[in-house]
């Protein structure tokens with residue numbers, strides 16, 4: 043912002059101070075989407091691995 047009298051305040055600094063909503067660039071949104079996809083895929087993989095382990099144990103019990 044303007045530190046001296048008569049100096050106009052920087053428009054960008056005013057905008058940053060007044061913003062209450064978070065704004066992301068397209069690159070940031072893309073990165074967040076990729077991170078979310080990785081987390082979801084890892085969770086699905088973990089679920090299937092646990093499910094397969096349970097199935098193997100159940101098959102062994104029936105033998």
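Residue numbers (the numbering used here): 43 to 105. Built from N, CA and C at the ideal position, the CB exists for glycine as well. Since the model is a prediction, treat every value here as computed from it, not as a measurement.
Using three-state DSSP, classify residue i as helix, strand or coil.
i, result
"residue 79", "helix"
"residue 67", "coil"
"residue 103", "helix"
Could you tell me the alpha carbon to alpha carbon distance between residue i and residue j, rounded to whole angstroms?
i, j, result
"residue 86", "residue 95", "14 Å"
"residue 80", "residue 97", "26 Å"
"residue 64", "residue 78", "18 Å"
"residue 83", "residue 75", "12 Å"
I'd like to know whether the C-beta of residue i is nearer than 8 Å to at least one C-beta of chain C.
i, result
"residue 87", "Protein chains in the displayed structure number just one, and chain C is not present."
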